[in-house]
Amino acid sequence: MAERNRERSDQIRSDGQGMNGMERPLLHGTDGIRGCVKGAPTNDIEALNAIIEKREVNGRAFMLLGMAFAEVLNEDLGRQPKIVIGWDRRPGNAMLVSGLTDGLHQVGAVVIHGGLVATPGLHNSVIGTGADAGLMVTASHNPSTDSGVKFFDSKGRKSMPEFEQRVANIVWKIAEREENRDPDPELCLPDKMVNAERGHRNTLAKRFEGIAADLEIDSEGIDWIDILGTPELLLDSSGGAATEWFAAGLARRGIPFREVSNADLPLNEDCGAGNLSPTDSWTWNEMQTNEHRLLNALGNLHQSRPPTSGSLIGAALDGDGDRCLLIESTNEGAKVVDGDQMADDLIRAWVASGIGQISAAFSIETDLALTADMSRLHSKVMIHECAVGDRWLTEALGHEDLIGTAWPKVIGAEDSGHLVLASPHPISDDEWNLVGDGAATLISQLMARAALSSMNAASAFKPGWKRRISIRDTDRSRWTGVGPIADRIEDRIRKSLEARTVNLKRREIEGENGLFLLRGDIDGVEVSFGIRNSGTEAKTSLSIRARSEINGLEEIATEIADLLRIDLVP
Numbered sequence: 237m238a239e240r241n242r243e244r245s246d247q248i249r250s251d252g253q254g255m256n257g258m259e260r261p262l263l264h265g266t267d268g269i270r271g272c273v274k275g276a277p278t279n280d281i282e283a284l285n286a287i288i289e290k291r292e293v294n295g296r297a298f299m300l301l302g303m304a305f306a307e308v309l310n311e312d313l314g315r316q317p318k319i320v321i322g323w324d325r326r327p328g329n330a331m332l333v334s335g336l337t338d339g340l341h342q343v344g345a346v347v348i349h350g351g352l353v354a355t356p357g358l359h360n361s362v363i364g365t366g367a368d369a370g371l372m373v374t375a376s377h378n379p380s381t382d383s384g385v386k387f388f389d390s391k392g393r394k395s396m397p398e399f400e401q402r403v404a405n406i407v408w409k410i411a412e413r414e415e416n417r418d419p420d421p422e423l424c425l426p427d428k429m430v431n432a433e434r435g436h437r438n439t440l441a442k443r444f445e446g447i448a449a450d451l452e453i454d455s456e457g458i459d460w461i462d463i464l465g466t467p468e469l470l471l472d473s474s475g476g477a478a479t480e481w482f483a484a485g486l487a488r489r490g491i492p493f494r495e496v497s498n499a500d501l502p503l504n505e506d507c508g509a510g511n512l513s514p515t516d517s518w519t520w521n522e523m524q525t526n527e528h529r530l531l532n533a534l535g536n537l538h539q540s541r542p543p544t545s546g547s548l549i550g551a552a553l554d555g556d557g558d559r560c561l562l563i564e565s566t567n568e569g570a571k572v573v574d575g576d577q578m579a580d581d582l583i584r585a586w587v588a589s590g591i592g593q594i595s596a597a598f599s600i601e602t603d604l605a606l607t608a609d610m611s612r613l614h615s616k617v618m619i620h621e622c623a624v625g626d627r628w629l630t631e632a633l634g635h636e637d638l639i640g641t642a643w644p645k646v647i648g649a650e651d652s653g654h655l656v657l658a659s660p661h662p663i664s665d666d667e668w669n670l671v672g673d674g675a676a677t678l679i680s681q682l683m684a685r686a687a688l689s690s691m692n693a694a695s696a697f698k699p700g701w702k703r704r705i706s707i708r709d710t711d712r713s714r715w716t717g718v719g720p721i722a723d724r725i726e727d728r729i730r731k732s733l734e735a736r737t738v739n740l741k742r743r744e745i746e747g748e749n750g751l752f753l754l755r756g757d758i759d760g761v762e763v764s765f766g767i768r769n770s771g772t773e774a775k776t777s778l779s780i781r782a783r784s785e786i787n788g789l790e791e792i793a794t795e796i797a798d799l800l801r802i803d804l805v806p
């Protein structure tokens with residue numbers, strides 16, 4: 237087998253020569269490759285076209301991708317790579333994992349299967365095994381009928397556009413040879429297996445103790461009911477890898493969590509962070525009739541005797557476990573605590589504990605009031621603005637000092653619940669990695685709330701105004717961020733603001749191809765209008781933000797959304 241694999245690798249390398257100037261259609265979106273899992277065509281070109289034209293993934297396309305991933309690594313390393321594959325429990329994943337394993341082996345790679353695991357657990361396993369890369373088979377918060385793949389490098393960081401274009405160039409070249417090979421059952425088997433989930437749980441245990449020590453909290457002596465404001469917190473792990481153990485592990489440490497999602501039901505179905513929006517709020521009655529399992533359970537638990545406003549009553553992870561949103565009680569019911577507020581709480585806890593310098597990365601959808609009001613903290617907070625996606629948060633923080641025994645004070649945040657934090661190295665005691673981990677985010681928030689309750693902390697930021705609208709079932713090829721449609725939208729915005737003092741200009745952000753971003757101020761109030769295609773679903777998103785509320789923005793949002801539906805929905 238090894239001799240045949242070397243021959244295959246030599247042939248692909250020969251075919252790939254001279255391609256640097258020729259870019260082929262990308263298969264990756266903003267966070268990996270995703271689509272509805274379907275049976276594989278018998279033709280390689282059709283298998284790849286299904287991803288682009290139909291948003292469908294299949295075993296044949298993943299075999300080709302495995303070959304391309306391995307070949308790019310061969311070129312960079314000058315040797316055959318070692319790659320770890322992990323997956324969540326989507327019903328189509330066995331076929332996709334087999335396809336990737338087959339393709340990797342065809343190019344001579346050593347393949348390790350990490351098993352059923354959350355995405356941050358795969359990240360941890362790549363570093364812990366000393367692998368050259370990792371592949372996580374998941375579609376995150378998408379329905380369980382979807383799946384896909386995310387690529388991680390040897391540092392556990394997600395792939396960037398340059399790498400993804402190289403993969404695209406090679407995979408199309410392979411398909412154009414028209415070999416249309418059938419899967420080889422022998423090549424679908426791994427060379428080794430590891431328990432990636434066990435490693436993830438061990439790292440989370442380190443993080444629990446480390447964060448508590450860093451904030452000088454006696455984690456065993458905390459009265460969590462008093463700190464959080466409720467005798468029982470509900471956890472919704474979206475039916476993902478953490479469903480069986482995370483709530484139980486927290487309860488053993490005295491934090492009264494109970495899991496409400498069910499691993500016997502489809503992943504992400506009526507549960508999890510993927511079905512919540514950062515701006516959501518509900519009355520208790522609305523929660524009782526809501527199909528979302530966490531909201532329904534919270535409504536039934538608290539409707540007759542509501543907790544004090546501001547109590548932390550629930551938390552939700554997404555299907556692959558890399559993000560988290562919290563649920564907090566209000567006077568009328570409950571609301572989502574988004575990534576912006578979570579970042580502010582942790583930063584305030586750091587500052588209150590004496591930290592003088594912090595590095596923070598925020599996406600273009602972050603609340604403008606948060607980034608504009610850092611002076612209240614009386615500490616140096618270095619702010620980076622970046623594209624949407626936790627890989628860009630990591631990229632923005634990647635030059636920070638991650639060596640030493642102390643927890644690095646770096647944080648990247650999106651309001652969707654992606655928080656990128658420093659994570660202990662699985663092997664070295666004085667090294668740290670950057671990863672978005674929903675379970676670790678929840679732990680950091682529990683500790684931050686415990687710390688803030690006993691410290692003289694700066695006040696929380698006062699949220700600005702924002703509205704996000706998803707236009708679903710769009711033909712994303714019609715939206716490029718420039719051209720007649722974008723011009724009409726800008727003209728409509730300016731016409732709606734004719735009576736105001738307006739200073740708005742278009743801006744570009746690295747990594748956001750196809751972004752329409754109009755930034756500036758209206759009557760002296762900072763404001764932003766953004767439109768971008770989703771990289772994971774057939775939808776286009778409108779986001780309007782203002783540092784404080786401005787009359788007329790709600791009407792403009794509705795008007796723009798209607799225009800986008802007319803122009804983009806077939």
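Residue numbering for the sequence shown follows the numbering used here, beginning at 237 and increasing consecutively.
Glycine included, C-beta positions come from ideal geometry on N, C-alpha and C.
Which value, in whole angstroms, describes the spacing of the CA atoms of residue i and residue j?
i    : j    : result
A676 : F444 : 8 Å
D472 : A579 : 21 Å
S695 : R612 : 8 Å
R325 : S615 : 44 Å
A432 : G350 : 5 Å
T794 : R743 : 23 Å
E621 : D454 : 35 Å
P421 : M331 : 11 Å
D459 : E601 : 36 Å
N279 : I410 : 12 Å
G649 : R417 : Contrary to the premise, residue 649 reads as Ala rather than Gly in this sequence. Rounded to whole angstroms, A649 to R417 spans 43 Å at the Cα level.
E790 : V763 : 13 Å
G555 : E773 : 15 Å
L754 : I319 : 42 Å
L778 : L800 : 9 Å
C843 : R402 : Not covered by the structure: residue 843. The range shown for the chain is 237 to 806.
T641 : A686 : 23 Å
W481 : G271 : 29 Å
P699 : A605 : 6 Å
A632 : N521 : 42 Å
L464 : A551 : 12 Å
Consult DSSP for residue i and reduce its assignment to one of helix, strand or coil.
i    : result
H538 : helix
E433 : helix
L451 : coil
N630 : For clarity, residue 630 is Thr in the given sequence; the question names Asn instead. Three-state result, T630: helix.
M691 : coil
R315 : coil
N504 : coil
I458 : coil
K409 : helix
N511 : helix
What residue range is occupied by the uninterrupted alpha helix (DSSP H) comprising residue i?
i    : result
A596 : Segment Q593 to S599 is the beta strand (DSSP E) holding A596; no alpha helix (DSSP H) there.
H359 : T355 to G364
M523 : W520 to Q524
V373 : Taken as a continuous stretch (DSSP letters only), V373 belongs to no alpha helix (DSSP H), being part of the beta strand (DSSP E) at A369 to V373.
Taking the beta strand (DSSP E) that residue i belongs to, which residues open and close that run?
i    : result
I563 : C560 to S565
M396 : No beta strand (DSSP E) contains M396, which DSSP labels as neither H nor E.
I647 : V646 to A649
L423 : Unbroken run through L423: none, as it is neither H nor E.
I205 : An answer regarding residue 205 cannot be provided, because it is not within the stretch 237 to 806 covered by the chain.
Could you name the residues that DSSP lists as bridge partners for residue i?
i    : result
S659 : N669
A294 : Looking at the sequence provided, one finds Asn at residue 294 rather than Ala. Answer is none; N294 lacks a bridge partner.
I705 : L778
R736 : The partner list for R736 (beta bridge, DSSP) is empty, contrary to what the question assumes.
S383 : G271
R755 : K741 and S764
H349 : I321 and M429
C622 : S599
E495 : L471
F388 : G370 and K394
I639 : E667
Can you confirm whether residue i, when its beta carbon is compared against all beta carbons of chain D, has any partner nearer than 8 Å?
i    : result
L423 : Of the protein chains in this structure there is only one, and it is not chain D.
Please indicate yes or no: does the CB of residue i lie closer than 7 Å to some heavy atom of the ligand HEM?
i    : result
R627 : Of the ligands one can find in the structure shown there are none, so the ligand HEM has no counterpart to examine.
**Study point:** Cβ contact (3+ pairs, closer than 8 Å) linking the stretch 328-340 and the stretch 563-573
**Key:** no
Practice item. Would you check if there are 3 or more beta carbon pairs closer than 8 Å linking the stretch 269-277 to the stretch 310-321? Key: no
Exercise for review: Kindly confirm or deny that the stretch 474-489 and the stretch 387-403 touch, where touching means at least three C-beta pairs closer than 8 Å.
Suggested key: no
Point to revise | Contact between the stretch 583-600 and the stretch 638-658 (3+ Cβ pairs under 8 Å) | key: Judged by Cβ distances under 8 Å, the stretch 583-600 makes contact with the stretch 638-658, as three or more pairs qualify.
Practice item. Count the CB pairs spanning the stretch 483-495 and the stretch 517-527 that are closer than 8 Å, and state whether there are at least three. Key: no
**Study point:** Three-pair Cβ contact test at 8 Å for the stretch 571-590 versus the stretch 527-546
**Key:** no
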